[in-house]
Amino acid sequence: MNDMNSTPVRKIVHVDMDAFYASVEQRDNPELRGKPIAVGGSAARGVVAAASYEARKYGVHSAMPSVTAKRKCPELIFVPPRFDVYKAVSQQIREIFAEYTPLIEPLSLDEAYLDVTENLKGMEIATEIALEIRTRIKQATGLNASAGISYNKFLAKMASDLNKPNGQAVITPKNGPAFVESLSVKKFHGVGPATAEKMHRLGIDTGADLKEQTLEFLVDHFGKSGPYFYGIARGIDERQVKPNRVRKSVGAEDTFPQDLHTYDPAREGLQPLIEKVWSYCEANGIAAKTVTLKVKYADFNQITRSKTVPVPLAAIGDLEDIVSFLLASIFPPRKGIRLLGVSLSSLERTASTAEPQLRLAL
0 MNDMNSTPVR KIVHVDMDAF YASVEQRDNP ELRGKPIAVG GSAARGVVAA ASYEARKYGV
60 HSAMPSVTAK RKCPELIFVP PRFDVYKAVS QQIREIFAEY TPLIEPLSLD EAYLDVTENL
120 KGMEIATEIA LEIRTRIKQA TGLNASAGIS YNKFLAKMAS DLNKPNGQAV ITPKNGPAFV
180 ESLSVKKFHG VGPATAEKMH RLGIDTGADL KEQTLEFLVD HFGKSGPYFY GIARGIDERQ
240 VKPNRVRKSV GAEDTFPQDL HTYDPAREGL QPLIEKVWSY CEANGIAAKT VTLKVKYADF
300 NQITRSKTVP VPLAAIGDLE DIVSFLLASI FPPRKGIRLL GVSLSSLERT ASTAEPQLRL
360 AL
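The sequence shown runs 0 to 361 under numbering that gives the first Met the number 0.
#1: Any idea if Q270 is buried or exposed, counting beta-carbon neighbours within 10 angstroms, 16 or more meaning buried?
#2: How would you write the range of the beta strand (DSSP E) that K306 sits in, first residue to last?
#3: Tell me the DSSP secondary structure of G45 in three-state form.
#4: Assuming L136 is part of the alpha helix (DSSP H), what are its boundary residues?
#5: Looking at C-alpha atoms only, which residue of D263, S248 and L209 is the closest neighbour of S323?
#6: Using the DSSP secondary-structure output, state which residues sit across from E104 in a beta bridge.
#7: Assuming A282 is part of the alpha helix (DSSP H), what are its boundary residues?
#8: Can you tell me which of the three DSSP states V294 falls into?
#9: What's the gap between the Cα of G141 and the Cα of K86?
#10: Express the C-alpha separation of L217 and P79 in angstroms, rounding to a whole number.
#11: Answer yes if the stretch 336-347 comes into contact with the stretch 241-255, meaning at least three C-beta pairs across the two stretches below 8 Å, and no otherwise.
#12: If we count the other Cβ atoms within 10 Å of its Cβ and call it buried at 16 or more, is N151 buried or exposed?
#13: Just confirm the distance between the C-beta atoms of T291 and T303, as a whole number of angstroms; I'd bet it's less than 8 Å.
#14: If you drop the 5 nearest sequence neighbours on each side, which residues of the same chain put their C-beta closer than 6 Å to that of D160?
#15: Cα separation between V190 and V8?
#16: Taking the DSSP output, what are the residues bridged to I170?
#17: At a cut of 8 Å, does the stretch 307-319 reach the stretch 274-290 through at least three beta carbon pairs?
#18: Starting from E252, trace the beta strand (DSSP E) in both directions and tell me its first and last residue.
#19: Can you find at least 3 beta carbon pairs, one from the stretch 193-200 and one from the stretch 162-175, that sit closer than 8 Å?
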(Lines of atoms letter the chains of each structure in order from A and count residues from 1; the text may use other names and numbers.)
(Lines give C-alpha, C1' and ligand atoms only; values in the text may rest on other atoms or scores of the structure.)
Protein backbone atom coordinates (compact mmCIF):
# COMPACT_ATOMS: atom_id res chain seq x y z
CA MET A 1 0.00 0.00 0.00
CA ASN A 2 1.18 3.52 -0.81
CA ASP A 3 2.03 5.23 2.47
CA MET A 4 0.83 8.79 2.05
CA ASN A 5 2.45 9.84 5.33
CA SER A 6 6.02 8.88 4.48
CA THR A 7 6.42 11.31 1.57
CA PRO A 8 4.72 14.59 0.73
CA VAL A 9 1.57 14.09 -1.34
CA ARG A 10 2.33 15.15 -4.89
CA LYS A 11 0.31 17.93 -6.49
CA ILE A 12 -0.22 17.22 -10.17
CA VAL A 13 -2.24 19.45 -12.50
CA HIS A 14 -3.40 18.31 -15.93
CA VAL A 15 -4.31 21.28 -18.14
CA ASP A 16 -6.38 20.53 -21.24
CA MET A 17 -7.46 23.21 -23.72
CA ASP A 18 -11.14 23.06 -24.68
CA ALA A 19 -11.72 22.08 -28.35
CA PHE A 20 -8.34 23.68 -28.99
CA TYR A 21 -8.00 23.75 -32.80
CA ALA A 22 -11.69 24.64 -33.25
CA SER A 23 -11.55 27.32 -30.54
CA VAL A 24 -8.51 28.96 -32.18
CA GLU A 25 -10.40 29.10 -35.48
CA GLN A 26 -13.47 30.63 -33.83
CA ARG A 27 -11.28 33.14 -32.00
CA ASP A 28 -9.60 34.24 -35.23
CA ASN A 29 -12.74 34.33 -37.39
CA PRO A 30 -15.76 35.98 -35.67
CA GLU A 31 -18.08 34.55 -38.35
CA LEU A 32 -17.42 31.05 -37.00
CA ARG A 33 -18.32 31.85 -33.39
CA GLY A 34 -21.35 30.04 -32.04
CA LYS A 35 -21.48 27.79 -35.10
CA PRO A 36 -20.76 24.07 -35.47
CA ILE A 37 -17.30 23.80 -37.00
CA ALA A 38 -14.89 20.96 -37.64
CA VAL A 39 -11.19 21.40 -38.23
CA GLY A 40 -10.18 18.96 -40.96
CA GLY A 41 -10.83 18.12 -44.58
CA SER A 42 -14.36 17.93 -45.99
CA ALA A 43 -13.32 15.67 -48.88
CA ALA A 44 -14.51 12.08 -49.16
CA ARG A 45 -11.60 10.70 -47.16
CA GLY A 46 -11.29 13.64 -44.76
CA VAL A 47 -11.28 13.24 -41.00
CA VAL A 48 -12.34 15.58 -38.20
CA ALA A 49 -9.25 16.72 -36.24
CA ALA A 50 -11.29 18.77 -33.76
CA ALA A 51 -14.92 19.78 -33.32
CA SER A 52 -16.36 22.86 -31.67
CA TYR A 53 -18.76 22.36 -28.77
CA GLU A 54 -21.60 23.46 -31.04
CA ALA A 55 -20.73 20.57 -33.37
CA ARG A 56 -20.32 18.10 -30.51
CA LYS A 57 -24.01 18.54 -29.62
CA TYR A 58 -24.74 16.70 -32.87
CA GLY A 59 -22.39 13.85 -31.99
CA VAL A 60 -19.47 15.11 -34.09
CA HIS A 61 -16.07 14.29 -32.54
CA SER A 62 -12.40 14.07 -33.44
CA ALA A 63 -11.26 11.11 -35.55
CA MET A 64 -14.73 10.85 -37.11
CA PRO A 65 -14.84 10.55 -40.93
CA SER A 66 -15.90 13.90 -42.40
CA VAL A 67 -18.74 12.32 -44.39
CA THR A 68 -20.20 10.90 -41.16
CA ALA A 69 -19.80 14.26 -39.41
CA LYS A 70 -21.61 16.07 -42.24
CA ARG A 71 -24.43 13.55 -42.10
CA LYS A 72 -24.85 14.09 -38.35
CA CYS A 73 -24.67 17.88 -38.71
CA PRO A 74 -25.61 19.18 -42.19
CA GLU A 75 -24.74 22.78 -41.16
CA LEU A 76 -21.19 21.74 -40.19
CA ILE A 77 -18.51 24.16 -41.42
CA PHE A 78 -15.14 22.60 -42.29
CA VAL A 79 -12.00 24.64 -41.66
CA PRO A 80 -8.54 23.48 -42.82
CA PRO A 81 -6.06 23.03 -39.95
CA ARG A 82 -3.34 25.65 -39.36
CA PHE A 83 -0.71 23.81 -37.32
CA ASP A 84 1.70 26.75 -37.37
CA VAL A 85 -0.89 28.89 -35.56
CA TYR A 86 -1.76 26.13 -33.07
CA LYS A 87 1.93 25.66 -32.34
CA ALA A 88 2.41 29.41 -31.69
CA VAL A 89 -0.56 29.51 -29.30
CA SER A 90 0.68 26.35 -27.58
CA GLN A 91 4.03 28.08 -27.01
CA GLN A 92 2.24 31.04 -25.38
CA ILE A 93 0.50 28.62 -23.03
CA ARG A 94 3.76 26.79 -22.27
CA GLU A 95 5.37 30.08 -21.23
CA ILE A 96 2.58 30.60 -18.69
CA PHE A 97 3.14 27.09 -17.29
CA ALA A 98 6.86 27.83 -16.96
CA GLU A 99 6.13 30.73 -14.59
CA TYR A 100 4.78 28.18 -12.09
CA THR A 101 6.99 25.11 -12.48
CA PRO A 102 9.84 23.73 -14.60
CA LEU A 103 8.21 20.27 -14.35
CA ILE A 104 6.03 20.38 -17.48
CA GLU A 105 5.29 17.29 -19.58
CA PRO A 106 3.38 18.08 -22.79
CA LEU A 107 1.16 15.35 -24.20
CA SER A 108 0.27 17.31 -27.34
CA LEU A 109 -0.14 20.93 -28.39
CA ASP A 110 -3.24 21.30 -26.24
CA GLU A 111 -2.54 19.42 -23.00
CA ALA A 112 0.21 18.94 -20.43
CA TYR A 113 0.96 17.65 -16.95
CA LEU A 114 2.45 20.04 -14.38
CA ASP A 115 4.00 19.00 -11.09
CA VAL A 116 3.34 21.93 -8.72
CA THR A 117 4.29 20.16 -5.46
CA GLU A 118 7.17 22.62 -5.26
CA ASN A 119 6.30 25.64 -7.39
CA LEU A 120 7.96 28.88 -8.36
CA LYS A 121 5.18 30.99 -6.82
CA GLY A 122 5.35 29.32 -3.42
CA MET A 123 1.60 28.64 -3.58
CA GLU A 124 0.30 25.94 -1.23
CA ILE A 125 -3.02 25.03 -2.85
CA ALA A 126 -2.89 23.31 -6.23
CA THR A 127 -6.52 24.20 -7.08
CA GLU A 128 -5.62 27.88 -6.76
CA ILE A 129 -2.61 27.38 -9.05
CA ALA A 130 -4.82 25.68 -11.65
CA LEU A 131 -7.40 28.46 -11.48
CA GLU A 132 -4.73 31.14 -11.83
CA ILE A 133 -3.15 29.37 -14.81
CA ARG A 134 -6.52 29.02 -16.54
CA THR A 135 -7.24 32.72 -15.95
CA ARG A 136 -3.83 33.68 -17.36
CA ILE A 137 -4.39 31.49 -20.45
CA LYS A 138 -7.75 33.19 -21.07
CA GLN A 139 -6.18 36.65 -20.73
CA ALA A 140 -3.23 35.85 -23.00
CA THR A 141 -4.95 33.82 -25.72
CA GLY A 142 -8.70 34.38 -25.38
CA LEU A 143 -9.15 30.60 -25.06
CA ASN A 144 -10.69 28.42 -22.37
CA ALA A 145 -8.80 25.66 -20.58
CA SER A 146 -9.99 22.96 -18.20
CA ALA A 147 -7.87 21.41 -15.46
CA GLY A 148 -7.72 18.36 -13.25
CA ILE A 149 -5.88 18.34 -9.94
CA SER A 150 -4.84 15.23 -8.05
CA TYR A 151 -1.99 13.39 -6.36
CA ASN A 152 -0.96 11.46 -9.50
CA LYS A 153 -0.99 11.76 -13.27
CA PHE A 154 -3.75 9.24 -13.97
CA LEU A 155 -6.26 10.90 -11.65
CA ALA A 156 -5.30 14.45 -12.70
CA LYS A 157 -5.98 13.44 -16.31
CA MET A 158 -9.34 11.90 -15.37
CA ALA A 159 -10.28 14.94 -13.27
CA SER A 160 -9.72 17.38 -16.15
CA ASP A 161 -12.65 15.80 -18.02
CA LEU A 162 -15.12 16.09 -15.14
CA ASN A 163 -16.10 19.76 -15.53
CA LYS A 164 -15.34 20.46 -19.18
CA PRO A 165 -15.54 22.91 -20.80
CA ASN A 166 -13.93 25.79 -18.91
CA GLY A 167 -13.93 24.11 -15.52
CA GLN A 168 -11.73 22.20 -13.13
CA ALA A 169 -12.05 19.37 -10.64
CA VAL A 170 -9.95 17.87 -7.86
CA ILE A 171 -9.64 14.22 -6.82
CA THR A 172 -8.13 13.95 -3.34
CA PRO A 173 -6.10 11.03 -1.91
CA LYS A 174 -9.13 10.20 0.22
CA ASN A 175 -11.48 10.05 -2.77
CA GLY A 176 -9.14 8.60 -5.40
CA PRO A 177 -9.65 4.85 -4.89
CA ALA A 178 -13.45 5.15 -4.71
CA PHE A 179 -13.53 7.34 -7.83
CA VAL A 180 -11.60 4.71 -9.79
CA GLU A 181 -13.79 1.85 -8.55
CA SER A 182 -16.96 3.50 -9.89
CA LEU A 183 -15.47 4.30 -13.31
CA SER A 184 -16.05 2.29 -16.48
CA VAL A 185 -12.71 0.89 -17.73
CA LYS A 186 -13.41 2.24 -21.23
CA LYS A 187 -13.11 5.76 -19.74
CA PHE A 188 -9.67 5.05 -18.23
CA HIS A 189 -6.83 7.05 -19.75
CA GLY A 190 -4.47 4.46 -21.22
CA VAL A 191 -7.22 1.95 -22.01
CA GLY A 192 -7.98 2.12 -25.74
CA PRO A 193 -10.95 0.51 -27.52
CA ALA A 194 -9.14 -2.79 -28.15
CA THR A 195 -7.96 -3.11 -24.52
CA ALA A 196 -11.41 -2.15 -23.20
CA GLU A 197 -12.97 -4.86 -25.38
CA LYS A 198 -10.46 -7.40 -24.07
CA MET A 199 -11.25 -6.37 -20.49
CA HIS A 200 -14.99 -6.77 -21.14
CA ARG A 201 -14.38 -10.29 -22.49
CA LEU A 202 -12.57 -11.06 -19.20
CA GLY A 203 -15.51 -9.71 -17.16
CA ILE A 204 -13.78 -6.46 -16.24
CA ASP A 205 -16.20 -3.56 -16.78
CA THR A 206 -15.37 -1.14 -13.95
CA GLY A 207 -12.46 -0.08 -11.79
CA ALA A 208 -13.89 -2.27 -9.03
CA ASP A 209 -13.75 -5.30 -11.36
CA LEU A 210 -10.16 -4.42 -12.25
CA LYS A 211 -9.21 -4.13 -8.58
CA GLU A 212 -10.40 -7.70 -7.97
CA GLN A 213 -7.77 -9.11 -10.34
CA THR A 214 -4.38 -10.26 -9.13
CA LEU A 215 -1.17 -8.73 -10.45
CA GLU A 216 -0.28 -12.09 -12.00
CA PHE A 217 -3.61 -12.24 -13.86
CA LEU A 218 -3.16 -8.72 -15.27
CA VAL A 219 0.44 -9.39 -16.35
CA ASP A 220 -0.65 -12.66 -18.01
CA HIS A 221 -3.33 -10.88 -20.04
CA PHE A 222 -1.90 -7.39 -20.55
CA GLY A 223 1.87 -7.86 -20.37
CA LYS A 224 3.90 -4.83 -19.35
CA SER A 225 0.71 -2.78 -18.86
CA GLY A 226 -0.40 -5.20 -16.12
CA PRO A 227 1.41 -3.45 -13.21
CA TYR A 228 0.07 -0.06 -14.39
CA PHE A 229 -3.52 -1.37 -14.44
CA TYR A 230 -3.01 -3.02 -11.04
CA GLY A 231 -1.89 0.30 -9.58
CA ILE A 232 -4.49 2.61 -11.10
CA ALA A 233 -7.27 0.26 -10.00
CA ARG A 234 -6.19 1.24 -6.48
CA GLY A 235 -5.75 4.92 -7.27
CA ILE A 236 -1.93 4.51 -7.35
CA ASP A 237 0.22 5.89 -10.16
CA GLU A 238 3.88 6.57 -9.37
CA ARG A 239 4.84 7.92 -12.81
CA GLN A 240 6.78 11.17 -12.59
CA VAL A 241 6.09 14.32 -14.59
CA LYS A 242 9.01 14.22 -17.03
CA PRO A 243 9.96 17.49 -18.73
CA ASN A 244 11.94 17.56 -21.99
CA ARG A 245 11.92 13.83 -22.50
CA VAL A 246 13.06 12.60 -25.91
CA ARG A 247 11.47 9.24 -26.52
CA LYS A 248 12.98 6.68 -28.85
CA SER A 249 9.71 6.66 -30.75
CA VAL A 250 6.20 8.03 -30.65
CA GLY A 251 3.23 6.20 -32.10
CA ALA A 252 -0.53 5.82 -32.24
CA GLU A 253 -2.74 3.01 -33.48
CA ASP A 254 -6.41 2.16 -33.82
CA THR A 255 -8.47 -1.02 -34.10
CA PHE A 256 -11.41 -0.64 -36.47
CA PRO A 257 -14.98 -1.82 -35.76
CA GLN A 258 -15.06 -3.58 -39.16
CA ASP A 259 -12.14 -4.91 -41.16
CA LEU A 260 -11.00 -2.61 -43.96
CA HIS A 261 -10.52 -3.89 -47.51
CA THR A 262 -10.09 -0.75 -49.64
CA TYR A 263 -7.54 2.07 -49.70
CA ASP A 264 -9.69 5.15 -48.99
CA PRO A 265 -11.20 4.02 -45.67
CA ALA A 266 -7.76 2.83 -44.53
CA ARG A 267 -6.14 6.17 -45.42
CA GLU A 268 -9.06 7.95 -43.70
CA GLY A 269 -8.49 5.89 -40.56
CA LEU A 270 -4.82 6.88 -40.51
CA GLN A 271 -5.41 10.64 -40.58
CA PRO A 272 -6.23 11.11 -36.86
CA LEU A 273 -3.19 8.95 -35.99
CA ILE A 274 -0.98 11.13 -38.18
CA GLU A 275 -2.30 14.26 -36.49
CA LYS A 276 -1.87 12.78 -33.03
CA VAL A 277 1.81 11.87 -33.46
CA TRP A 278 2.56 15.12 -35.29
CA SER A 279 0.94 17.16 -32.51
CA TYR A 280 3.05 15.33 -29.90
CA CYS A 281 6.26 16.06 -31.82
CA GLU A 282 5.33 19.73 -32.29
CA ALA A 283 4.50 20.12 -28.60
CA ASN A 284 7.78 18.54 -27.51
CA GLY A 285 10.04 20.23 -30.07
CA ILE A 286 11.12 17.01 -31.74
CA ALA A 287 11.24 15.85 -35.35
CA ALA A 288 11.54 12.43 -36.97
CA LYS A 289 13.41 10.88 -39.87
CA THR A 290 11.79 7.42 -39.82
CA VAL A 291 8.09 6.71 -40.39
CA THR A 292 6.70 3.22 -39.75
CA LEU A 293 3.28 1.95 -40.76
CA LYS A 294 1.92 -0.98 -38.73
CA VAL A 295 -0.75 -3.21 -40.27
CA LYS A 296 -2.57 -5.99 -38.41
CA TYR A 297 -4.75 -8.24 -40.53
CA ALA A 298 -8.00 -9.98 -39.64
CA ASP A 299 -6.07 -13.18 -38.84
CA PHE A 300 -3.92 -11.17 -36.33
CA ASN A 301 -0.77 -11.49 -38.42
CA GLN A 302 0.97 -8.15 -38.66
CA ILE A 303 3.52 -6.42 -40.86
CA THR A 304 5.35 -3.10 -40.79
CA ARG A 305 6.57 -0.87 -43.58
CA SER A 306 9.11 1.92 -42.91
CA LYS A 307 10.72 4.79 -44.74
CA THR A 308 13.67 6.87 -43.53
CA VAL A 309 14.40 10.29 -45.00
CA PRO A 310 17.76 12.14 -44.93
CA VAL A 311 16.50 15.15 -42.93
CA PRO A 312 13.80 15.36 -40.23
CA LEU A 313 10.24 15.88 -41.46
CA ALA A 314 9.44 19.59 -41.51
CA ALA A 315 5.66 19.62 -42.06
CA ILE A 316 2.65 17.41 -41.45
CA GLY A 317 2.15 17.23 -45.22
CA ASP A 318 5.49 15.43 -45.54
CA LEU A 319 4.32 12.84 -43.00
CA GLU A 320 0.98 12.43 -44.77
CA ASP A 321 2.76 11.82 -48.09
CA ILE A 322 5.02 9.12 -46.62
CA VAL A 323 2.15 7.37 -44.81
CA SER A 324 0.10 7.40 -48.04
CA PHE A 325 3.06 5.91 -49.94
CA LEU A 326 3.60 3.17 -47.32
CA LEU A 327 -0.10 2.33 -47.23
CA ALA A 328 -0.33 2.10 -51.03
CA SER A 329 2.53 -0.42 -50.99
CA ILE A 330 0.42 -3.00 -49.13
CA PHE A 331 -2.64 -2.74 -51.41
CA PRO A 332 -4.51 -4.78 -52.37
CA PRO A 333 -4.30 -6.41 -48.91
CA ARG A 334 -4.16 -10.19 -48.65
CA LYS A 335 -6.82 -10.08 -45.92
CA GLY A 336 -9.04 -7.50 -44.23
CA ILE A 337 -7.19 -4.95 -42.06
CA ARG A 338 -8.27 -4.79 -38.40
CA LEU A 339 -5.64 -2.35 -37.06
CA LEU A 340 -3.42 0.41 -38.38
CA GLY A 341 -0.68 2.31 -36.59
CA VAL A 342 1.78 5.11 -37.32
CA SER A 343 5.03 5.57 -35.41
CA LEU A 344 7.91 8.00 -35.74
CA SER A 345 11.49 7.23 -34.74
CA SER A 346 15.04 8.54 -35.28
CA LEU A 347 13.79 11.49 -33.24
CA GLU A 348 15.83 14.68 -32.83
CA ARG A 349 15.38 17.96 -31.03
CA THR A 350 14.38 20.71 -33.43
CA ALA A 351 16.69 23.71 -33.74
CA SER A 352 14.43 26.00 -31.70
CA THR A 353 14.58 23.68 -28.67
CA ALA A 354 18.19 22.62 -29.10
CA GLU A 355 19.72 26.11 -29.13
CA PRO A 356 19.17 26.98 -25.45
CA GLN A 357 20.70 23.64 -24.44
CA LEU A 358 23.75 24.31 -26.62
CA ARG A 359 24.19 27.72 -25.05
CA LEU A 360 23.96 26.21 -21.58
CA ALA A 361 26.62 23.64 -22.53
CA LEU A 362 29.07 26.43 -23.37
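No residue lacks a Cβ here, since even glycine has one placed at the ideal position from N, Cα and C.
Since this is a predicted model, take the numbers as computed values, not measurements.
In terms of the structure at hand:
#1: Mapped onto the sequence shown, residue 270 falls at position 271. Answer is buried; the Cβ neighbour count reaches 16.
#2: What you label residue 306 is simply residue 307 of the sequence shown in a count that begins at 1. Going by DSSP, K306 is part of the beta strand (DSSP E) stretching over Q301 to T307.
#3: Against the sequence shown, residue 45 aligns to sequence position 46. Assignment of G45 by DSSP, reduced to helix, strand and coil, places it in the coil class.
#4: For the purposes of this step, residue 136 is taken as the residue at position 137 of the sequence shown. A small fix is needed here, since residue 136 is Ile in this sequence, not Leu. Start and end: A125 to T140.
#5: Residue 323 sits at position 324 when you count from the first residue of the sequence shown. Comparing Cα-Cα distances from S323 to each of D263, S248 and L209, the minimum goes to D263.
#6: Position 105 of the sequence shown, counted from the start, is the residue given in the question as residue 104. According to DSSP, which records beta bridges pairwise, E104 is partnered with Y112.
#7: Here residue 282 is taken as the residue at index 283 of the sequence shown, counted from 1. Unbroken alpha helix (DSSP H) run through A282: Y262 to N283.
#8: Locating residue 294 in the sequence shown gives position 295, where the first residue counts as 1. V294: strand per DSSP, three-state reduction.
#9: The residue given as residue 141 occupies position 142 in the sequence shown. The residue given as residue 86 occupies position 87 in the sequence shown. In a straight line, the C-alpha of G141 is about 15 Å away from that of K86.
#10: On the sequence shown, position 80 is the one that residue 79 refers to. On the sequence shown, position 218 is the one that residue 217 refers to. Rounded to the nearest angstrom, the two C-alpha atoms are 43 Å apart.
#11: Counting C-beta pairs closer than 8 Å gives three or more between the stretch 241-255 and the stretch 336-347, which meets the contact rule.
#12: In the sequence shown, the residue the question calls residue 151 occupies position 152. By the neighbour-count rule (16 or more Cβ atoms within 10 Å), N151 is buried.
#13: Reading the sequence shown from its first residue, position 292 is the one you call residue 291. Reading the sequence shown from its first residue, position 304 is the one you call residue 303. Rounded to whole angstroms, the Cβ separation of T291 and T303 is 5 Å, and the two are in contact under 8 Å.
#14: Here residue 160 refers to the residue found at position 161 when the sequence shown is read from its first residue. Closer than 6 Å at Cβ, skipping near neighbours: no residue.
#15: By 1-based counting over the sequence shown, the position of residue 190 is 191. By 1-based counting over the sequence shown, the position of residue 8 is 9. For V190 and V8, the distance between alpha carbons rounds to 26 Å.
#16: Counted from its first residue, the sequence shown places residue 170 at position 171. Looking at the DSSP assignment, I170 forms a beta bridge with S149.
#17: Result yes; three or more Cβ-Cβ pairs closer than 8 Å.
#18: Taking the sequence shown and counting its residues from 1, the one referred to as residue 252 is at position 253. Where E252 is concerned, the enclosing beta strand (DSSP E) stretches over S248 to L259.
#19: No: the two stretches stay apart, fewer than three of their Cβ pairs being nearer than 8 Å.
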